[in-house]
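**Q**
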Amino acid sequence: NYRPESLKSMIRFSQGGGDLLFYVTAGSPDPELAQKMANFMGQALVNTSLQLKSSRYATMQESLEAALATVKSKMDDTSGRLDSVEKKFSLATRKSDMEEAKAVLDGTGKELSKLGHDIAETSGRLESIKGNLSSLPAHISGQGTALPPSGASRGGEAPGRGSDDEDRNTTF
């Protein structure tokens, strides 16, 4: 039986290189235990990272959806004002009323155009986040993770340990 402190001292993490995120090395006199510890810790780190990403994407999605709702609400309000101006413009009998209504109509049209652009931009960002979120479940379910096959771990003597100890390396 191992105590948590002794298990903690048996596991080492180091930064990966190239396509590798990190290395997990576990040292134990029992090679199977060392391999299990390294695989477990590596998978736990991968899962935690994916959960954090998923949470960030969900938060961003919620924020963008709220912003989109606000922009749509402003657009509806502006459309209502435009309808009102159009009615006033069509009913205007004096030239000054028509000029005033035209100026308001032009300004409202520009505002509607900007809001339409904002909606398109926000919708694009939202679709991108939805795409990122849809790719996460495959990683969380274990598909696509870089756990090596059981025979891919390699044993070796760790620095400062006796020859009875054997390390198991797991690469992610």
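To convert, count from 1 in the sequence shown and add 556; that's the working numbering.
Ideal Cβ positions, reconstructed from N, Cα and C, are used throughout, including at glycine.
Just so we're clear, the structure is a prediction, and the values are computed from it rather than from any experiment.
(1) In this structure, what does DSSP give as the bridge partners for ILE567?
(2) Is there contact here, the segment 596-612 with the segment 622-642, by at least three beta-carbon pairs under 8 Å?
(3) For the segment 675-683 against the segment 618-626, do three or more pairs of beta-carbon atoms, one drawn from each stretch, fall closer than 8 Å, so that the two count as touching?
(4) When you compare each of LEU661, ASP639, ALA582 to SER570 by their alpha carbons, which one comes out closest?
(5) Tell me whether the segment 575-594 and the segment 559-566 touch, counting them as touching only if at least three CB pairs, one residue from each stretch, are closer than 8 Å.
(6) Reducing DSSP to helix, strand and coil, say where ASP575 ends up.
(7) Quick check on DSSP: helix, strand or coil for ALA714?
(8) I need the DSSP call for GLY698, collapsed to helix, strand or coil.
(9) Does the beta-carbon distance from ASP674 to VAL627 come in below 8 Å?
(10) In terms of alpha-carbon separation, which member of GLY572, ALA614, GLU588 lies closest to SER690?
(11) Do THR664 and LEU624 have their C-beta atoms within less than 8 Å of each other?
(12) When DSSP labels each residue in this structure, what does TYR613 get in the three-state scheme?
(13) State yes or no: is the beta carbon of SER610 nearer than 8 Å to at least one beta carbon in chain C?
(14) Thinking C-alpha only, which one of ASP653, VAL602, GLU667, ASP586 is nearest LEU576?
(15) Taking all protein chains shown into account, do 16 or more other C-beta atoms lie within 10 angstroms of the C-beta of SER556, making it buried, or fewer, making it exposed?
**A** Taking the coordinates as given:
(1) Start at 1 with the first residue of the sequence shown, and residue 567 comes out as number 11. DSSP lists ALA582 as partners of ILE567.
(2) no
(3) yes
(4) Counted from its first residue, the sequence shown places residue 570 at position 14. Out of LEU661, ASP639, ALA582, ALA582 has the C-alpha closest to the C-alpha of SER570.
(5) yes
(6) If you number the sequence shown from 1, residue 575 lands on position 19. In this structure, ASP575 counts as coil in the three-state DSSP scheme.
(7) Locating residue 714 in the sequence shown gives position 158, counting from the first residue. Here the model assigns ALA714 a pLDDT of 36, short of 50, so the residue's position is not dependable, and the following value carries that caveat. Correct three-state label for ALA714: coil.
(8) Your numbering for residue 698 matches position 142 in the sequence shown. Residue placement at GLY698 is poorly supported in this model, since its pLDDT is 45, which falls under 50; the coordinates still yield a value, given next. Reduced to three states, the DSSP call for GLY698 is coil.
(9) If you number the sequence shown from 1, residue 674 lands on position 118. If you number the sequence shown from 1, residue 627 lands on position 71. In contact: ASP674 and VAL627 (Cβ atoms closer than 8 Å).
(10) As a working mapping, residue 690 is identified with position 134 in the sequence shown. Of the listed residues, the one whose Cα sits closest to SER690 is ALA614.
(11) Sequence index remark: in the sequence shown, residue 664 carries index 108 (1-based). Sequence index remark: in the sequence shown, residue 624 carries index 68 (1-based). No, the pair does not count as a contact, with Cβ atoms beyond the cut-off.
(12) Residue mapping note: residue 613 aligns to position 57 of the sequence shown, counting from 1. It is helical.
(13) Annotation note: the requested chain C is absent from the structure, which comprises a single protein chain.
(14) Indexing the sequence shown from 1 puts residue 576 at position 20. That would be VAL602, whose Cα lies nearest to the Cα of LEU576.
(15) Examination of residue 556 is not possible in this model, given that the chain is present from 557 through 728 alone.
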